[in-house]
Amino acid sequence: MSQTASPRAGIVIVAALCTGYVASQFYRSANAVIAPELMAELSISHESMGAITGVFFLTFALMQVPTGVLLDRFGPRIVMPALLMLAVVGSVIFAMSESEASLAFARGLMGVGCAAGLMGSMVVFARWFPQDRFGTLAALIFSVGGIGNLLATTPLAASAEAIGWRGSFVGMAAITVGMAILLYAVTRDAPPGHPALGRRPETTQQVIAGLGQVLREKRLWYVSAMQFVGYPVLM
Numbered sequence: 003m004s005q006t007a008s009p010r011a012g013i014v015i016v017a018a019l020c021t022g023y024v025a026s027q028f029y030r031s032a033n034a035v036i037a038p039e040l041m042a043e044l045s046i047s048h049e050s051m052g053a054i055t056g057v058f059f060l061t062f063a064l065m066q067v068p069t070g071v072l073l074d075r076f077g078p079r080i081v082m083p084a085l086l087m088l089a090v091v092g093s094v095i096f097a098m099s100e101s102e103a104s105l106a107f108a109r110g111l112m113g114v115g116c117a118a119g120l121m122g123s124m125v126v127f128a129r130w131f132p133q134d135r136f137g138t139l140a141a142l143i144f145s146v147g148g149i150g151n152l153l154a155t156t157p158l159a160a161s162a163e164a165i166g167w168r169g170s171f172v173g174m175a176a177i178t179v180g181m182a183i184l185l186y187a188v189t190r191d192a193p194p195g196h197p198a199l200g201r202r203p204e205t206t207q208q209v210i211a212g213l214g215q216v217l218r219e220k221r222l223w224y225v226s227a228m229q230f231v232g233y234p235v236l237m
């Protein structure tokens, strides 16, 4: 029979997962504050700036199904820090960029790197905590993640004014490395005895069949439609 996390261990695990999601929310929102500086320094049009910013969301969305497969096969302890390191690389490239193409590529890496932040956390919550706490923990990480959006406003503007937008992204890359190390240090894929530890990885055919089953779920499309029109307004 599988165990659940002790109260102290649970706090540490949740805190580590929340830091990763804070980073994800920061990266997705950061362009809003520094856009005027980017556009002026690199002679970027409004249209191009919008496209560069949107690359994050495109790669983030495209990575969701592959990320789910990776989480099932390798576990959140490996996948989440590994992907987060791609966000680190993206942040450094962004800081060094001198062209629109380089900025877009960097934003794409950030999107890939942040793809497991939420879903990986949900996997950990489902495996380590009682079922009746899942909703509370999901709401908690969503709420705490909002700190990342806040950090991408006035704090980022102050940092950009002090050390420049390039220095700010290098600094955030260094912080994200610490977050990735923390995730690897405190997160475990599942408690001893959990069925996930002895389960064989799904075959490609099983993954495709499972995806088809999800896509046939009508309620998914209702929620997706709401997100499609609502989330852009939020951002």
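Residue numbers (the numbering used here): 3 to 237. Even for Gly, the Cβ is constructed at its ideal location relative to N, Cα and C. Remember, predicted model here, so these are calculated numbers, not experimental data.
Extent of the continuous alpha helix (DSSP H) run through residue i
{"i": "Glu43", "result": "Asn33 to Leu44"}
{"i": "Ser93", "result": "Pro78 to Met98"}
{"i": "Phe59", "result": "His48 to Leu64"}
{"i": "Arg129", "result": "Gly119 to Trp130"}
{"i": "Ala141", "result": "Phe136 to Leu153"}
{"i": "Arg109", "result": "Glu102 to Gly115"}
Cβ distance (whole Å) where residue i is taken to contact residue j below 8 Å
{"i": "Ala106", "j": "Ile54", "result": "5 Å"}
{"i": "Ser101", "j": "Phe171", "result": "Going by Cβ atoms, the distance from Ser101 to Phe171 rounds to 16 Å, so no, they are not a contact pair."}
{"i": "Ala18", "j": "Val188", "result": "5 Å"}
{"i": "Gly150", "j": "Gln27", "result": "3 Å"}
{"i": "Val57", "j": "Ala159", "result": "Not a contact, Cβ separation roughly 22 Å."}
{"i": "Gly115", "j": "Leu88", "result": "4 Å"}
Option in the options with minimal Cα separation from residue i
{"i": "Leu199", "options": "Met87, Ile13 and Gly77", "result": "Gly77"}
{"i": "Met181", "options": "Tyr23, Leu111, Leu120 and Met98", "result": "Tyr23"}
{"i": "Val81", "options": "Ala97, Arg168, Thr205 and Arg190", "result": "Arg190"}
{"i": "Arg168", "options": "Asn33, Val14, Ala11 and Gly12", "result": "Asn33"}
{"i": "Thr210", "options": "Leu153, Ala164, Val71 and Ala140", "result": "In the sequence as presented, Thr is not what sits at residue 210; that position holds Ile. Ranking Leu153, Ala164, Val71 and Ala140 by Cα distance to Ile210 puts Val71 first."}
{"i": "Arg79", "options": "Ala192, Ile143, Pro68 and Ala140", "result": "Ala192"}
{"i": "Phe59", "options": "Leu111, Thr156, Ala140 and Gly147", "result": "Leu111"}
{"i": "Thr206", "options": "Arg129, Val57, Pro68 and Met121", "result": "Pro68"}
{"i": "Arg10", "options": "Asp134, Gly173 and Trp130", "result": "Trp130"}
{"i": "Leu142", "options": "Leu120, Leu153 and Pro157", "result": "Leu120"}
{"i": "Ala2", "options": "Glu49, Ala103, Ala63 and Ala97", "result": "What the structure shows of the chain is the stretch from 3 to 237, and residue 2 is not part of that stretch, so it cannot be assessed."}
{"i": "Tyr186", "options": "Gln66, Val126, Ala103 and Pro38", "result": "Val126"}
{"i": "Ile177", "options": "His196, Arg201, Leu40 and Val91", "result": "Val91"}
{"i": "Gly113", "options": "Ser104, Leu86, Ser145 and Thr138", "result": "Leu86"}
{"i": "Ile95", "options": "Gly173, Val231, Cys20 and Val216", "result": "Gly173"}
Within-9 Å CB hit, residue i to chain B
{"i": "Ile80", "result": "Among the chains of the structure shown, chain B does not appear; only one protein chain is present."}
For the stretch 186-213, list the alpha helix (DSSP H) runs that are entirely contained and at least 4 residues long, ordered along the chain.
197-200
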